[in-house]
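All residue numbers for the sequence shown refer to my numbering, where the first residue is 5 and numbers rise by one. All C-beta atoms, glycine included, are put in the ideal place defined by N, C-alpha and C. Since we're looking at a predicted model, the values are computed, not measured. This report concerns only the one structure given below.
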Amino acid sequence: MLPARTASCPTPREKIKVSVLSGSSILVTGATGSFGKAFLNYALTHLDPQRIVVFSRDELKQYEVRQMFGDDPRLRFFLGDIRDKARLERAMHNIDYVVHAAALKQVDTAEYNPSEFVETNINGSQNVIDAAIDKGVKKVVALSTDKASSPINLYGATKLVADKLFIAGNHYAATHPTRLAVVRYGNVMGSRGSVVPLFRKLAAEGKSLPITDKRMTRFWITLPQAVKFVVDSFDTMQGGELFVPRIPSMRILDLVEAVAPNSATHEMGVRPGEKLHEEMIASDDSRRTLRFPDRYVVQPVVASWGYETPEGGEEVADGFNYRSDNNDLWLSVEDMRKLLEEN
5 MLPARTASCP
15 TPREKIKVSV
25 LSGSSILVTG
35 ATGSFGKAFL
45 NYALTHLDPQ
55 RIVVFSRDEL
65 KQYEVRQMFG
75 DDPRLRFFLG
85 DIRDKARLER
95 AMHNIDYVVH
105 AAALKQVDTA
115 EYNPSEFVET
125 NINGSQNVID
135 AAIDKGVKKV
145 VALSTDKASS
155 PINLYGATKL
165 VADKLFIAGN
175 HYAATHPTRL
185 AVVRYGNVMG
195 SRGSVVPLFR
205 KLAAEGKSLP
215 ITDKRMTRFW
225 ITLPQAVKFV
235 VDSFDTMQGG
245 ELFVPRIPSM
255 RILDLVEAVA
265 PNSATHEMGV
275 RPGEKLHEEM
285 IASDDSRRTL
295 RFPDRYVVQP
305 VVASWGYETP
315 EGGEEVADGF
325 NYRSDNNDLW
335 LSVEDMRKLL
345 EEN
């Protein structure tokens, strides 16, 4: 049974504190995606970076980002693929911090093209790790997904392997200045893969909205919240952590009511590789998980680089798992409408 309690989605703190990223040189892989553009906007506005390297493989998207931000002299544009370690090393010259957001992400596409997802999400991630260590980068934060926890599809499996690679990378970096951590969160409101624009389009056309299963629940986070969470993770990380934000869940039918009230719906059935409820922390990880007011921290299994348990965390119960249906924070229809207006 779902909890009755509701809570509005936490918003980024209005007061911007000084971050370790402030005044630094930053490289963002996949910087022309939804998260990347939001991060660039935040960094240029609040962090006063010395420079930001926009690293991606699509020249059209890089052109569009240049138009978006004008001729800001702090931006550098590097065409390149994370499959190419030499190109990454060139781009990371004199870089202080790396945000790794590049990935292939479509669940159904992964099932038809598994080797391509392995090349980018796994081998490409290893290239980012190796290049960062070899070039003396201070910190790297890699973006994960809820689908990496107890994965049932190939995309989630490749991201789980990538998560493990970044955590284990700290062993190889132990005598170097580089430290690596992972951030994992759920569905991002406003991203290209969000279902919200689709629902709005179909509702405007008077069409029935496709629902995979009326029982479905999902975690939700806004792009500004995701960016701020990543920035804060740079400030608190030692290396080896898996950071998971404490964010609200929502029932799929409540989402429909918030986005397109009174619209007709039809059930399609759960798609291959799709879960009824998403998970961000598996029960087997509960013994290593600490709860903080705004996040969970899953600590590394073995740490040879001087990792220390952070202060202020509360141990979760043995067997705890963090799923969208057993969450203690929930978005109501009105909560979602307010967020959609603001974002």
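Count the other CB atoms, across all protein chains shown, that sit within 10 Å of the CB of Arg9; report buried if there are 16 or more and exposed otherwise.
Low per-residue confidence applies at Arg9: pLDDT is 39, beneath 50, and the placement is therefore not dependable enough to give any value.
Local Cβ density within 10 Å of Gln71, reported as buried at 16 or more and exposed below that:
exposed
Can you tell me whether DSSP reads Ala348 as helix, strand or coil?
Outside the shown range of the chain, which is 5 to 347, sits residue 348, and nothing can be said about it.
Measuring straight from C-alpha to C-alpha, what distance separates Ile256 and Tyr189?
18 Å
In angstroms with no decimal places, state the Cα-to-Cα distance between Glu338 and Ala262.
7 Å
Return the Cβ separation of Ser129 and Leu169 in integer angstroms, given the expectation that the two are a contact with Cβ distance under 8 Å.
5 Å
Between which two residues does the alpha helix (DSSP H) carrying Met340 extend?
Val337 to Glu346
Check the C-beta distance from Asp112 over to Glu282 and give it rounded, since I have them as a contact under 8 Å.
Not quite, the Cβ-Cβ distance comes to about 17 Å (not below 8 Å), so this is no contact.
My understanding is that Val57 touches Leu31, with C-beta atoms under 8 Å, so please give their C-beta distance in whole angstroms.
4 Å
Residues bridged to Glu318 by DSSP?
Arg295
When you compare only the Cα positions, how much space is there between Glu278 and Pro155?
10 Å
Pick from Thr162, Ala172 and Ser237: whose alpha carbon is nearest that of Asp134?
Ala172
Note down, one range per segment and in chain order, each beta strand (DSSP E) of at least 3 residues found wholly within the segment 150-238.
183-187, 191-193, 213-215 and 221-226
What does DSSP give as the partner residue(s) for Ser253 in the beta ladder?
Phe223 and Trp334
Taking the straight line between their C-alpha atoms, what separation do you get for Lys218 and Glu271?
7 Å
Neighbourhood of Ile285 by C-beta distance below 7 Å, restricted to the same chain and skipping five residues each side:
Ser153, Val248, Thr293, Tyr300, Val302, Asn325 and Tyr326
Span of the alpha helix (DSSP H) around Ser129
Gly128 to Asp138
Cβ neighbours of Phe82 in the same chain (closer than 6 Å, five flanking residues each side left out)
Val57, Phe59 and Ala95
Met241, enclosing alpha helix (DSSP H) - first and last residue
Neither: Met241 is in no alpha helix (DSSP H) and is coded neither H nor E.
Hey, would you say Ile225 sits closer than 8 Å to Val192, going by beta carbons?
yes
For Glu278, write down the residues that DSSP places opposite it in a beta bridge.
BP columns for Glu278 are empty, so no partner.
Of all the options Phe223, Gln66 and Glu123, which has the alpha carbon lying nearest to the alpha carbon of Arg87?
Glu123
Could you name the residues of the same chain whose beta carbon sits closer than 8 Å to that of Pro53, not counting the 5 residues immediately before and after it, in chain order?
Leu25, Ser26, Gly27, Ser28, Ser29, Ile30, Ala47 and Arg78
Flag this pair as yes or no: are the beta carbons of Ala166 and Ile137 separated by less than 8 Å?
no
Looking at the strands, I want to know which residues DSSP matches up with His104.
Thr33 and Ala146
Quick test of your reading: Ala237 and Val187, contact by CB under 8 Å. State the CB separation rounded to the nearest angstrom.
Residue identity differs from the one stated: residue 237 is Ser in this sequence, not Ala. Yes, Ser237 and Val187 are in contact; Cβ-Cβ is about 5 Å, under 8 Å.
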